[in-house]
Amino acid sequence: MSQTTTEKSGAAVKAVEPKKKVVLSEGKRAERKLGWLLCAPAAFIMLAVTAWPIIYSVYLSLQRYDLKFPDRQEFVGLDNYVTVLSSPYWWNAVWVTVVMTVVSVVIELVLGMALALIMHRTLVGRGIVRTSTLIPYGIVTVVAAFSWRYAWTPGTGYLAELMGGDPVLTEKIPALAVVILAEVWKTTPFMALLLMAGLALVPDDLLKAAALDGASGWQRFTKVILPLMKPAILVALLFRTLDAFRIFDNLFVLTGGSQGTSSVSMLTYNNLIKGLNLGIGSTMSVLIFIAVAIIAFIFIKLFGTAAPGSDDGGKR
Amino acid sequence: MAEIVLDKVTKKYPDGALAVQEVDIEIADGEFIILVGPSGCGKSTTLNMIAGLEDITTGELRIGGERVNERAPKDRDIAMVFQSYALYPHMTVRENMAFPLRLAKVDNATVEKKVNDAADILDLGQHLDRKPSNLSGGQRQRVAMGRAIVRSPKAFLMDEPLSNLDAKLRVQMRTSVSRLQKQLGTTMVYVTHDQTEAMTLGDRVVVMRGGAVQQIGAPQYLYDHPANLFVAGFIGSPSMNFVPAGLEDGVLRSPLGDVPLTDRIRRMVEAADAPREVIVGIRPEHFEDSKLVEEHQRGGGHTFTSNVDVLESMGSDKFAYFTLSGEQATSAELAELAADSGTAEAGSGGGVPIVTRISAASGAREGEQAEIWFNADKVQLFDPATGRNLTYSEE
């Protein structure tokens with residue numbers, strides 16, 4: 001989407017440029033120069049904090065570089081990638097991450113939509129409803145994760161007592177379920193907030209028209225509200241999918257990656273920071289970066305056809 | 317098709333605001349009725365209550381003889397066209413028009429046929445596969461109408477459907493709405509704030525003000541026999557001239573001069589128990605350049621002489637504007653009309669403005685004195701306190 005628009009605007013600028021060059025006055029040129037100067041610090045910082053680490057990670061991923069044996073640093077090409085991609089730990093982490101991402105984002109979408117509808121429709125006590133809905137999102141994730149951990153700890157936690165005193169965090173599937181629960185509890189409000197912004201864009205007249213056309217409440221939701229909200233839904237899904245794919249804090253506190261519950265981020269952390277293996281750790285970082293880029297790319301492709309009412313979406 | 321009856325329908329909002337007050341309207345089967353009034357007069361609220369989009373606080377709404385107060389909009393079998401058109405942007409024209417039929421689970425062949433028929437009537441045939449965003453305002457408006465007519469509902473409700481069109485297209489669409497209604501013979505309730513649309517379209521017009529019905533009647537009847545100052549000022553363009561006057565012994569003392577009442581008017585005024593101070597209303601077309609009035613007619617009128625401020629030639633006739641010395645007529649209803657038309661601040665600095673519509677043959681010139689005659693039997697007298705028309709008679 002952004003690709004085509006920049007191309008278009010670029011072309012437009014080009015078409016106008018010859019004329020513009022002539023009329024560009026002294027003041028205008030000074031203004032443009034000032035504009036560039038004002039942008040420069042931000043652009044420089046962006047390069048320093050994003051571009052450089054990415055390039056450096058790629059460089060490190062091509063080295064054998066273990067801080068325990070710093071003398072053996074050597075360029076090894078794609079060897080690290082072969083090591084990582086043939087490791088069962090890596091693939092287990094990938095599956096754990098994908099499952100957690102898909103399950104938590106789907107649940108968040110459904111719950112978030114319900115919350116958004118409630119917040120949108122509430123007439124009485126709107127402020128209280130919205131505030132109370134958003135509270136979980138306002139709590140620091142690590143703090144929330146600790147309270148979940150205590151709640152699930154047999155002997156001290158009320159949730160563990162309710163579930164019959166089983167140590168759920170010590171088994172793979174129940175532990176993952178608890179992590180997903182914590183994720184959902186924490187980020188559903190964020191989803192609801194984004195979806196509510198989308199709901200506000202559906203004109204009232206359309207819903208009135210649909211009601212008169214004979215649509216029931218559910219039909220109005222599926223046939224009018226959802227299609228019109230598609231861009232907002234995609235934005236919310238993109239944000240949450242990318243976030244969920246990089247899940248770390250909840251997992252770190254709740255299971256610490258034990259019982260095969262490591263996500264890719266967790267595994268990277270263990271290799272890079274705990275294991276001090278810069279080569280393997282960087283390789284994993286680069287792989288996560290590529291995965292995130294692919295997810296973003298897919299969503300952005302979907303955006304292109306998402307704007308309701310555009311004929312040239314090329315969907316059919 | 318069905319008749320619609322509003323029986324003392326009232327809408328009161330939770331905050332106590334009274335939007336619509338005991339409205340009684342009986343709309344006959346197949347009738348084209350217009351709700352007209354300035355913004356905030358309750359006409360759209362009334363329409364929404366008929367549609368079921370707003371609850372009725374008290375009173376009863378009957379469609380085809382059945383009470384429908386409690387029915388959901390979809391169970392009332394009425395179609396509505398919105399000012400914003402309310403087309404579904406993610407559907408093509410065809411899908412938009414087919415939407416109500418699909419929801420009603422009509423079979424494909426019938427849907428196809430009905431949509432194509434409606435498209436033929438509205439001349440949308442070549443646009444069926446386009447999205448609303450690629451249509452012009454007029455085309456969107458026709459799609460909205462198409463979506464309403466495919467269902468063959470009991471009644472059409474139109475909420476200012478032409479307000480978003482440019483002036484020329486509006487006139488064109490006005491005629492086609494009128495033609496469409498006659499062709500389909502379906503009851504139609506049409507809301508507008510434009511008195512020209514009200515005059516030209518409807519079988520009957522309901523003039524509303526502040527949530528209450530002022531008068532119901534055929535357009536010509538409202539024009540000739542307004543029940544009060546508000547209706548008199550609202551209907552007609554340019555609007556009626558209002559001049560304050562004192563009533564003494566059957567003579568009107570006003571900036572227009574001392575005008576003896578005709579026998580017909582004197583009888584009505586006596587019957588109506590008129591106050592001493594009144595407002596005289598005269599339509600622009602009841603003035604004429606006195607040189608063009610034949611001798612035998614003159615006796616039935618009165619003349620005044622004044623300076624022509626502005627003269628507009630319309631080709632078929634001329635509008636001559638005067639400012640007579642004196643105080644402007646004041647009343648709550650006139651103030652509201654002025655506020656609605658945006659002329660409240662633009663009021664002339666002093667004096668009584670008069671608009672006259674005189675023959676194109678008149679030799680009157682801008683900036684020069686002209687002698688103007690008016691028909692004394694056509695004047696209407698209003699009570700400034702209540703707005704009541706003192707010369708109103710049910711004829």
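For the protein sequence lines, the chains are C and X, in the order given.
Residues in the first sequence are numbered consecutively from 1, following the numbering used here.
Residues in the second sequence are numbered consecutively from 317, following the numbering used here.
Idealized CB from N, CA, C, for every residue including glycine.
Everything numeric in this text was worked out from a predicted model, so none of it was measured.
Residue i versus residue j: straight-line alpha-carbon distance, rounded
i: residue 323 of chain X; j: residue 394 of chain X; result: 19 Å
i: residue 328 of chain X; j: residue 363 of chain X; result: 15 Å
i: residue 366 of chain X; j: residue 630 of chain X; result: 41 Å
i: residue 19 of chain C; j: residue 36 of chain C; result: The pLDDT assigned to residue 19 of chain C is 46, lower than 50, so where the model puts this residue is not dependable; a value taken from the coordinates is nonetheless given after this. Roughly 22 Å separates the two Cα atoms.
i: residue 618 of chain X; j: residue 578 of chain X; result: 11 Å
i: residue 299 of chain C; j: residue 106 of chain C; result: 15 Å
i: residue 678 of chain X; j: residue 371 of chain X; result: 56 Å
i: residue 320 of chain X; j: residue 399 of chain X; result: 22 Å
i: residue 294 of chain C; j: residue 213 of chain C; result: 42 Å
i: residue 235 of chain C; j: residue 113 of chain C; result: 13 Å
i: residue 386 of chain X; j: residue 200 of chain C; result: 28 Å
i: residue 653 of chain X; j: residue 691 of chain X; result: 25 Å
i: residue 25 of chain C; j: residue 34 of chain C; result: 14 Å
i: residue 401 of chain X; j: residue 125 of chain C; result: 33 Å
i: residue 416 of chain X; j: residue 382 of chain X; result: 23 Å
i: residue 224 of chain C; j: residue 218 of chain C; result: 10 Å
i: residue 368 of chain X; j: residue 374 of chain X; result: 14 Å
i: residue 331 of chain X; j: residue 423 of chain X; result: 46 Å
Cβ-Cβ distance between residue i and residue j below 9 Å
i: residue 194 of chain C; j: residue 239 of chain C; result: yes
i: residue 359 of chain X; j: residue 507 of chain X; result: yes
i: residue 337 of chain C; j: residue 137 of chain C; result: Outside the shown range of chain C, which is 1 to 316, sits residue 337 of chain C, and nothing can be said about it.
i: residue 90 of chain C; j: residue 82 of chain C; result: no
i: residue 643 of chain X; j: residue 560 of chain X; result: yes
i: residue 599 of chain X; j: residue 694 of chain X; result: yes
i: residue 318 of chain X; j: residue 491 of chain X; result: no
i: residue 317 of chain C; j: residue 92 of chain C; result: Residue 317 of chain C lies beyond the stretch modelled for chain C, which goes from 1 to 316, so this question has no answer here.
i: residue 673 of chain X; j: residue 477 of chain X; result: no
i: residue 505 of chain X; j: residue 349 of chain X; result: yes
i: residue 639 of chain X; j: residue 668 of chain X; result: yes
i: residue 625 of chain X; j: residue 682 of chain X; result: yes
i: residue 696 of chain X; j: residue 542 of chain X; result: yes
i: residue 645 of chain X; j: residue 550 of chain X; result: no
i: residue 444 of chain X; j: residue 410 of chain X; result: yes
i: residue 440 of chain X; j: residue 458 of chain X; result: yes
i: residue 699 of chain X; j: residue 529 of chain X; result: no
i: residue 585 of chain X; j: residue 575 of chain X; result: no
i: residue 162 of chain C; j: residue 254 of chain C; result: no
i: residue 675 of chain X; j: residue 634 of chain X; result: yes
i: residue 564 of chain X; j: residue 620 of chain X; result: no
Selected residue, minimal CA-CA separation from residue i, among the options
i: residue 74 of chain C; options: C/296, C/287, C/278 and C/302; result: C/278
i: residue 286 of chain X; options: X/340, X/586 and X/701; result: This structure gives no information on residue 286 of chain X, because the portion of chain X shown stretches from 317 to 711.
i: residue 602 of chain X; options: X/670, X/589, X/550 and X/645; result: X/670
i: residue 351 of chain X; options: X/510, X/633, X/645 and X/703; result: X/510
i: residue 519 of chain X; options: X/525, X/604 and X/538; result: X/538
i: residue 182 of chain C; options: C/286, C/131 and C/104; result: C/104
i: residue 283 of chain C; options: C/78, C/41, C/49 and C/52; result: C/78
i: residue 581 of chain X; options: X/405, X/707 and X/387; result: X/707
i: residue 540 of chain X; options: X/441, X/597, X/451 and X/627; result: X/597
i: residue 292 of chain C; options: C/265, C/180 and C/46; result: C/265
i: residue 450 of chain X; options: X/571, X/588 and X/408; result: X/408
i: residue 207 of chain C; options: X/375, X/343, X/689 and X/405; result: X/405
i: residue 101 of chain C; options: C/162, C/87, C/123 and C/184; result: C/184
i: residue 196 of chain C; options: C/171, C/133 and C/286; result: C/133
i: residue 479 of chain X; options: X/615, X/514 and X/649; result: X/514
i: residue 97 of chain C; options: C/297, C/302, C/155 and C/268; result: C/268
i: residue 587 of chain X; options: X/397, X/666, X/500 and X/709; result: X/709
beta-carbon residue i near the ligand FAD non-hydrogen atom, thresh 8 Å
i: residue 74 of chain C; result: Among the ligands in the structure shown, none appear at all, so the ligand FAD cannot be discussed.
Report task. Could you name each continuous beta strand (DSSP E) segment of 3 residues or more that falls completely within the region 550 to 587 of chain X, going from the start of the chain to the end? Result -> Within the region 550 to 587 of chain X, the complete beta strand (DSSP E) segments of 3 residues or longer fall at 557 to 564, 567 to 570 and 573 to 576, listed in chain order.
Requested in this report: For the region 682 to 711 of chain X, list the beta strand (DSSP E) runs that are entirely contained and at least 3 residues long, ordered along the chain.
Outcome: The region 682 to 711 of chain X is shown to contain whole beta strand (DSSP E) runs of 3 or more residues at 685 to 691 and 696 to 698, in chain order.
Requested in this report: Ignoring anything shorter than 4 residues or poking outside the region 31 to 84 of chain C, list the alpha helix (DSSP H) runs there in chain order.
Outcome: Segments of the alpha helix (DSSP H) lying fully in the region 31 to 84 of chain C: 52 to 61.
Requested in this report: Any chance you could list the alpha helix (DSSP H) runs of at least 4 consecutive residues sitting entirely within the region 399 to 469 of chain X, in chain order?
Outcome: The qualifying runs are 409 to 419, 424 to 438 and 453 to 465.
Report task. Count the C-beta pairs between the region 135 to 154 of chain C and the region 234 to 250 of chain C that are closer than 8 Å, then say yes if the count reaches three, no if not. Result -> Yes, they touch.
Requested in this report: Evaluate the contact criterion for the region 456 to 473 of chain X versus the region 422 to 435 of chain X: three or more CB pairs, one atom per stretch, below 8 Å.
Outcome: Touching, yes.
Query raised in the report: Quick check: the region 67 to 81 of chain C against the region 230 to 244 of chain C, are there 3 or more CB pairs under 8 Å?
Result: With a cut-off of 8 Å, the region 230 to 244 of chain C and the region 67 to 81 of chain C do not count as touching, because too few Cβ pairs lie within range.
Query raised in the report: Can you list, in chain order, the stretches of the alpha helix (DSSP H) that have 4 or more residues and sit fully within the region 198 to 227 of chain C?
Result: List check, alpha helix (DSSP H) in window: 204 to 213 and 217 to 220.
Query - Entirely enclosed alpha helix (DSSP H) segments - the region 620 to 659 of chain X, minimum 4 residues - result: Within the region 620 to 659 of chain X, the complete alpha helix (DSSP H) runs of at least 4 residues are 648 to 657.
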